[in-house]
Amino acid sequence: MSAAQHGLVDELDLRILGALIADPQSPIKELAQALGIPASTCAFRLRSLRSRGVVTGPRLEVDPASVGAPVQAMIRVRLGNHSKDGVESLFDALATTPGVLQVFHIAGADDFLVHVAVADAAALRDIVLERITVHEIVRATETQLVFELREGAGVVPRR
1 MSAAQHGLVD
11 ELDLRILGAL
21 IADPQSPIKE
31 LAQALGIPAS
41 TCAFRLRSLR
51 SRGVVTGPRL
61 EVDPASVGAP
71 VQAMIRVRLG
81 NHSKDGVESL
91 FDALATTPGV
101 LQVFHIAGAD
111 DFLVHVAVAD
121 AAALRDIVLE
131 RITVHEIVRA
141 TETQLVFELR
151 EGAGVVPRR
């Protein structure tokens, strides 16, 4: 059985993914030409990657500063207890809070890491005081301002 049949990706899949990461708007025909493969093969492989959940996009990304939220921060959240229902309820509440970009449920001294983008320091304070610490399960928070954000290399090499 091939890697693709097991749900894994093979070398051609990785090449396609790398090319898509480098230019997500590239039409199939141009993508195939750049990779030196037939357009039908490229289209089939891309459909397969999507159907297997390897490619989960497309996803629109919006620059938070452009829409009035130039201040980004990471909020570390520590819980007082860890009941399954309490953790799930808080996770859901955090993920649906306006201004929250991502929520990570993590292991270690802290339990959640919340990435937010807001208009100013007052809005950041309001998220902490009105949306996070109001949950009985929350024991403590620590807020760290983000000075600069750079995208990492990712798990697939870009072409």
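Taking the UniProt record's numbering, the leading residue of the sequence shown gets 1, the next gets one more, and so forth.
Ideal Cβ placement from N, Cα and C applies to all residues, glycine included.
These numbers were taken from a predicted model, which means no experiment stands behind them.
Its Cα nearest to that of residue 123, the residue 69 stands out among 69, 55, 153 and 101. Secondary structure at residue 37: coil, using DSSP grouped into helix, strand and coil. In this structure, the alpha-carbon of residue 33 lies about 26 Å from that of residue 60.
A buried status is given to residue 117, since no fewer than 16 other beta-carbon atoms sit within 10 Å of its beta-carbon. The residues 97, 99, 116 and 118, in chain order, have a CB closer than 7 Å to that of residue 127 in the same chain once the five nearest residues on each side in sequence are set aside. In this structure, the CA atom of residue 12 is about 13 Å from the CA atom of residue 39. Residue pairing by DSSP places residue 102 opposite 115 in a beta bridge. Counting of Cβ neighbours within 10 angstroms places residue 131 among the buried residues, the total reaching 16 or more. Look at residue 17 here: in three-state DSSP terms it is helix. By alpha-carbon distance to residue 35, the top candidate from 19, 89 and 50 is 19. Fewer than three Cβ pairs drawn from the region 76 to 92 and the region 45 to 53 lie within less than 8 Å of each other, which leaves the two stretches out of contact.
The DSSP-derived three-state label of residue 79 is strand. A distance of 8 Å or more separates the beta carbons of residue 149 and residue 102.
Inter-residue distance for residue 88 and residue 30 is about 44 Å (C-alpha atoms, whole angstroms).
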